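Numbering (this note's numbering), first residue to last: 18 to 299.
From the three backbone atoms N, C-alpha and C, an ideal C-beta is built for every residue, glycine too.
Treat the numbers as computed from the prediction; the structure is a model and nothing was measured.
Just below is one structure, and these are the notes that go with it.
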């Protein structure tokens with residue numbers, strides 16, 4: 018997937034770097050607002066609009082804003098969009114405005130928005146920055162909606178205000194209270210981590226099959242890998258055989274050289290003795 022493409026930015030925000038389940042950012046609205054699915058959806062969409070527009074505007078001004086005052090400038094830009102969205106909610110969706118209450122203006126200091134402004138929008142072009150905000154906003158919206166739906170279902174027997182549980186069901190009211198938010202967030206985060214880990218293990222198995230590895234080691238490429246420890250015996254035997262042959266050849270060559278030197282010495286000695294005998298006869 019091409020880096021900074023639209024699809025890459027969307028997938029990154031929704032799955033790979035989900036603000037809630039992966040980065041664990043924006044916990045204040047996540048825990049406080051998600052008493053129902055509609056509240057989670059409304060808060061997520063509101064944040065997404067502010068995030069996408071502020072990312073786009075900050076990216077447009079990234080070469081103009083002085084580095085020393087970038088954080089105050091980011092906050093002013095974000096606060097402007099939050100004010101616009103707040104007034105629109107108050108005018109056209111008053112019940113959602115009343116449900117979200119104080120948490121709408123608190124979007125100004127939401128660490129998701131400030132984090133993406135500092136880490137991405139201030140360093141990249143306008144279009145990728147906009148879709149980065151959309152992707153992060155969709156990931157945040159999805160997480161809040163799921164948490165709100167689970168809490169509403171268990172705590173009230175409803176989803177989006179519609180009664181879905183049988184009449185005999187007794188709601189567990191703790192799930193619409195503050196402790197329920199922690200329970201649901203922890204459970205969903207654990208499920209997400211389990212699925213992610215299983216996917217990584219499956220990917221490793223597939224890569225080993227494609228490379229022809231038959232071992233069960235889950236750490237291919239690392240020291241102590243089973244595929245490295247279980248090398249074929251025939252290869253070791255062949256290497257050892259080559260070493261033995263080389264050693265024998267070396268010893269044989271040295272022996273032959275020693276014999277030749279000894280023969281030369283004997284020949285020289287015999288010639289010297291013959292000369293001595295000739296002199297004595299004379």
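Annotation for residue 48: the continuous alpha helix (DSSP H) segment containing it runs 44-49. By the neighbour-count criterion, in which 16 or more other beta carbons inside 10 Å mark a residue as buried, residue 214 falls on the exposed side. In the structure shown, the three-state DSSP call for residue 38 is coil. Between the segment 110-126 and the segment 163-175 there are fewer than three C-beta pairs closer than 8 Å, too few to call the two in contact.
Counting C-beta pairs with one atom in each stretch, the segment 205-219 and the segment 72-84 have fewer than three that are closer than 8 Å, which means they do not touch. The secondary-structure analysis by DSSP pairs residue 179 across a beta bridge with 176. Look at the beta carbons and you see the segment 101-116 touching the segment 50-62: at least three pairs across the two are nearer than 8 Å. Between residue 202 and residue 164, the C-beta gap is smaller than 8 Å, which places the two residues in contact. Going by DSSP, residue 128 is part of the alpha helix (DSSP H) stretching over 128-136. Three or more Cβ pairs closer than 8 Å define a contact, and the segment 26-33 meets that threshold against the segment 138-154. Linking residue 217 to residue 34 through their CA atoms gives a straight-line distance of about 15 Å.
Rounded to whole angstroms, the gap between the alpha carbons of residue 94 and residue 177 is 33 Å.
DSSP, read as helix, strand or coil, puts residue 162 in helix. For residue 101, the closest C-alpha among the options 175, 140, 66 is that of 66. Each of 277, 179, 75 was checked against the Cα of residue 54, and the nearest Cα belongs to 179. Residue 152 sits away from residue 75, with the two beta carbons spaced by 8 Å or more. Distance between residue 197 and residue 141, taken at the CA atoms: about 39 Å. Between residue 57 and residue 194, the CB-CB gap reaches or exceeds 8 Å. A direct Cα-to-Cα measurement between residue 184 and residue 59 gives close to 28 Å.
At a Cβ-Cβ threshold of 8 Å, residue 68 and residue 154 count as neighbours.
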